[in-house]
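Protein chains in written order, with the working numbering: chain A, 5 to 143; chain B, 9 to 307.
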């Protein structure tokens, strides 16, 4: 599937038609590893090594190699639901059903959370090609 | 989408309507003189309902002609047709380029002296948009003057306030909705110092351990609560009596109001409800004066 990725890296993508965003698929950053952290999860993203992180500076000072993002129980639930195949609409629908809230309430919560994950580069949101074409056609 | 018997009922500022279950209000007004409700489905806006206080009936046909002229100024190829026959409403239907149609309709409700204007978007997937138009617009009823409205049914919160209480403020966040009411008395009616807040918090499985005393203490750490068991419509509840938080001199002068909190859980709704009243010392307003019921689940 040809895709367009909405990540904060590189050029800023154009605006996505809000009508189509529900068809998008959140995809985890494959380099991120997760581990249990209480009831939630701790996501660890590798930090790209810089020249000044190597010897001889690293002999004097320890540089962290990973950046962590802690998720609570709800965050972990959404993270687990983002399997790379499931659309945002389905993820939101399941979240709403599980917690017995309305779809629109769930949408606000899930979208804000995913926005935070995208900004921290542990997640990307992929818009399917057909949706992208429709967006372009709509200007 | 077609209208089914599974409808969602909304009651707001003296207006009653029923809409498809997946429509959700995203904008709402509480001004009796002029306000609006905007409803969306999952993907787009579906209905905008505007009310305006008018002492005399306007020329609805003239209004629609003006609207048609404005639309044609922007898009000379716009095509209009009469809207599906809906008793009480006059309006226009315009085919949209992307498919579907937009119906703009108006109605004057003489008993409540209100002009109602509706913009309804019929989606390309609606199998019978005439039925949708008739079903939604035909079901819009002006049940009372907005200043006299007592019943408010929106955002999963269904409240009937006692006489002389008016909705003064709303706070709407995901899974956390509060309606605030103020008592009005005299002629002309003026707000008294009596106030009430009805709050519904959802997703209780995530944050509610069932200890409502702790919940109230955390919410109002400066209040000295006296707790006691209570019931609300058969549900076990917690009643908290206290004074509203304030300066010591205000308390000594008796200026602080009596505060009563009634909290109960609704496991079936995965929600916690709370009624808080603030009333003049010695003349308490019981939280049970407010009728709170549950809205049928509609997602």
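For every residue, glycine included, the Cβ atom is placed at its ideal position computed from N, Cα and C.
Between residue 92(B) and residue 112(A), the gap from beta carbon to beta carbon reaches 8 Å or more.
Per DSSP, the unbroken alpha helix (DSSP H) holding residue 139(B) starts and ends at 137 to 146. With its beta carbon at least 8 Å from every one in chain A, residue 107(B) lies outside the interface.
Nearest CB-CB separation between residue 64(A) and chain B: not below the 8 Å threshold. A direct Cα-Cα distance of roughly 11 Å separates residue 149(B) from residue 21(B). Here residue 109(A) is buried: its Cβ has 16 or more other Cβ atoms, across all protein chains shown, within 10 Å. Runs of the beta strand (DSSP E) lying entirely within the stretch 41 to 77 of chain A, each at least 3 residues long, are 44 to 50 and 70 to 75 in chain order. Between residue 121(B) and residue 57(B), the C-beta spacing is not below 8 Å. Within the stretch 21 to 45 of chain A, contact with chain B at the beta-carbon level (separation under 7 Å) is assigned to 23 and 26. Distance from the Cα of residue 94(B) is smallest, within the candidate group 118(B), 139(B) and 53(B), for 139(B). Beta-bridge analysis with DSSP links residue 57(B) to 45(B) and 126(B). Contacts between residue 32(B) and chain A, judged by CB atoms closer than 9 Å, involve 106, 107, 108 and 109 in chain order.
For residue 127(A), the enclosing beta strand (DSSP E) stretches over residues 127 to 132. If the five residues before and after residue 168(B) are omitted, its C-beta is found closer than 6 Å to the C-beta atoms of 158, 159 and 299, all from its own chain and listed in chain order. Taking a contact as a CB-CB distance under 8 Å, the pair residue 270(B) and residue 245(B) counts as one, their CB atoms being some 5 Å apart. Residues of chain B whose Cβ lies closer than 7 Å to the Cβ of residue 95(A) do not exist, since the nearest Cβ in that chain is about 13 Å away. Straight-line measurement puts the Cα of residue 82(A) at about 8 Å from the Cα of residue 99(A). Annotation for residue 76(B): the continuous alpha helix (DSSP H) segment containing it runs 68 to 82. Under the three-pair Cβ rule at 8 Å, the stretch 22 to 37 of chain A counts as touching the stretch 120 to 132 of chain A.
For the stretch 208 to 233 of chain B, residues whose beta-carbon sits nearer than 7 Å to a beta-carbon of chain A comprise 210, 211, 213 and 214.
Distance from the CA atom of residue 259(B) to the CA atom of residue 253(B), rounded to whole angstroms, is 9 Å.
Leaving aside the five residues that flank residue 224(B) on each side, the residues in its chain whose CB is nearer than 7 Å to its CB run, in chain order, 233, 248, 269 and 271. Excluding the 5 residues flanking it on each side, residue 48(A) has same chain C-beta neighbours closer than 6 Å at 37, 70 and 72, in chain order. Remark: C-beta atoms of residue 288(B) and residue 267(B) do not approach each other more closely than 8 Å. For residue 48(B), the CB contacts under 8 Å within the same chain, skipping 5 residues up- and downstream, are 31, 32, 34 and 54 in chain order. The C-beta of residue 77(A) comes closer than 8 Å to at least one C-beta of chain B. The C-beta of residue 44(B) comes no closer than 8 Å to any C-beta of chain A. Contact of residue 112(A) with chain B by beta-carbon distance below 7 Å involves 182. The C-beta of residue 67(A) has fewer than 16 other C-beta atoms within 10 Å across all chains shown, which makes the residue exposed.
If you ignore the 5 residues before and after residue 273(B), its C-beta comes within less than 7 Å of the C-beta of 212, 216, 218 and 280, all in its own chain and listed in chain order. Closer than 8 Å to the CB of residue 87(B) there is not a single CB belonging to chain A.
Assigned with DSSP and collapsed to three states, residue 107(B) falls in coil, not helix or strand. Counting only residues of its own chain and dropping the five nearest sequence neighbours on each side, residue 192(B) has a CB closer than 8 Å to the CB of 172, 173, 174, 198, 199 and 200.
Around the beta-carbon of residue 113(B), 16 or more other beta-carbon atoms lie within 10 Å, marking it buried.
A residue is called buried once 16 or more other Cβ atoms fall within 10 Å of its Cβ, and residue 61(A), having fewer, is exposed.
In terms of Cβ geometry, residue 189(B) and residue 176(B) form a close pair [threshold 8 Å].
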